[in-house]
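Notes for the one structure printed next.
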Amino acid sequence: MSLIVETSGGMTALTLDRPEVHNAFDEALIAALTAAFTEASNDSKVRAVVLRANGKSFSAGADLNWMKRMAGFSEAENLADAQKLAELLRVIDTCPKPVIARVHGNAFAGAIGLIACSDLVAAVPEAEFAVTEVRLGLIPAVISPYLIRVMGARQARRWFLTAERFSAGQAQQMNLVHEVVDAGELDACVMHWLDAIQKAGPNALAAAKQLVAAVDPAPDTATIADTARRIAAIRASDEGKEGVSSFLEKRKPRWVP
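Structural data, given as structure tokens:
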């Protein structure tokens, strides 16, 4: 099982459990997360959702074997695949329950999308982040509406274009992370937020999230569909295939001098 789901005391904890691949996600984990968030959204007993991970990393982004399979997909197959990730992000972003991300290790590529869709994010100082897609000849299409909403277009231009790693402190400055705390204080930080949430009216919490979405709208259906089409097209392109192939073969892509 790639996802551990535990519900108790009004909280649903969703734990990414693929430590052997740094919690990289594939179609199975995406489907499991989508189902779990949907169930939590519809469960009146659940007051909050905590997204966390086992192992050294929060998530390395896309799974290598999944990427290898996608490299052989047609554009139509890539579109269907991208739409599943887009749906997961939409479900997290519109979840009526507060979503807390507990980031104890590195988060790369698509994993940052999960964080950007969360309401409250705590990370350890050692955590590193990166939007790595362009190094594979790809683009961070599906996660882009959520990242740009969080960090702003100016910061997105830098990190989307350079694929550099950035620290938890920099992530906090860009509003991707709310609190940076030592590993020993991470659970206490999460529990502090859960305690605050338990004191709030459940309908008010949902209404407060809707209020934010009304004032600062989430990406609309057309935007979500457009981002899925963009990643599908570039995955199926010669450059996209070369980038993924070179990464899997541990060599430089042809465009690197």
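So for the sequence shown, numbering that gives the first Met the number 0 puts the first residue at 0; every next one is plus one. Glycine included, C-beta positions come from ideal geometry on N, C-alpha and C. In this text, all values refer to a predicted model and were calculated from it rather than measured experimentally.
As assigned by DSSP and simplified to three states, the class of residue i
i: Met-0; result: coil
i: Arg-101; result: strand
i: Glu-248; result: coil
i: Leu-175; result: coil
i: Ser-7; result: strand
i: Ala-12; result: strand
i: Ser-40; result: helix
i: Ala-195; result: helix
i: Ala-106; result: strand
i: Val-243; result: helix
i: Val-20; result: helix
i: Val-189; result: helix
i: Ala-335; result: Nothing in the structure corresponds to residue 335, since the chain is present only between 0 and 256.
Contact under 7 angstroms by Cβ, residue i with residue j
i: Trp-29; j: Pro-97; result: For the record, residue 29 in the displayed sequence is Ile; it is not Trp. It is not a contact, given that the beta carbons lie outside the stated cut-off.
i: Gly-60; j: Gly-109; result: yes
i: Ala-100; j: Leu-50; result: yes
i: Ala-162; j: Arg-134; result: yes
i: Gly-242; j: Pro-252; result: yes
i: Val-176; j: Trp-158; result: no
i: Ala-126; j: Ala-167; result: yes
i: Pro-139; j: Val-179; result: no
i: Ala-39; j: Leu-193; result: no
i: Ile-223; j: Ala-85; result: yes
i: Ile-233; j: Leu-160; result: no
i: Ala-227; j: Glu-74; result: no
i: Val-214; j: Asn-174; result: no
i: Phe-128; j: Phe-165; result: yes
i: Val-90; j: Thr-11; result: no
Cα-Cα separation between residue i and residue j, rounded to whole angstroms
i: Phe-107; j: His-21; result: 10 angstroms
i: Ala-205; j: Lys-83; result: 24 angstroms
i: Trp-65; j: Gln-169; result: 30 angstroms
i: Gly-183; j: His-191; result: 14 angstroms
i: Thr-93; j: Glu-248; result: 38 angstroms
i: Glu-19; j: Phe-57; result: 12 angstroms
i: Ile-200; j: Lys-44; result: Note that residue 200 corresponds to Gly in the displayed sequence, not to Ile. The alpha-carbon atoms of Gly-200 and Lys-44 are separated by roughly 12 angstroms.
i: Asn-220; j: Asp-181; result: Sequence inspection shows Thr at residue 220; the Asn mentioned does not correspond to that position. Going by the C-alpha atoms only, they are around 39 angstroms apart.
i: Ala-52; j: Arg-153; result: 30 angstroms
i: Asp-118; j: Asp-25; result: 24 angstroms
i: Thr-6; j: Ile-114; result: 21 angstroms
i: Ala-67; j: Ala-235; result: The displayed chain sequence assigns Lys, not Ala, to residue 67. Between Lys-67 and Ala-235, the C-alpha separation is close to 12 angstroms.
i: Gln-171; j: Pro-216; result: 22 angstroms
i: Asn-77; j: Gly-151; result: 28 angstroms
i: Ser-244; j: Ala-23; result: 18 angstroms
Chain-order list of residues whose beta-carbon lies under 7 angstroms from that of residue i (same chain, five-residue window excluded)
i: Leu-88; result: Gly-112, Cys-116, Val-141, Ile-142, Tyr-145
i: Pro-95; result: Ser-40, Ala-205, Lys-208
i: Leu-185; result: Arg-101, His-103, Ala-121, Val-123
i: Ile-147; result: Ala-155
8 angstroms Cβ shell around residue i - same chain, five flanking residues per side excluded
i: Leu-2; result: Leu-13, Thr-14, Leu-15, Asp-16, Leu-28, Ala-31, Leu-32, Ala-35
Close Cβ partners of residue i (< 6 angstroms) along its chain, the five nearest in sequence each way excluded
i: Phe-246; result: Leu-135
Can you give, in chain order, each stretch of the alpha helix (DSSP H) that sits fully within the region 67 to 96 and has at least 4 residues? 74 to 92, all fully within the region 67 to 96.
Any alpha helix (DSSP H) of 4 or more consecutive residues that is wholly inside the region 110 to 169: Runs found: 143 to 161.
Ordered list of alpha helix (DSSP H) runs contained in the region 212 to 237, each at least 4 residues: You should have 220 to 234.
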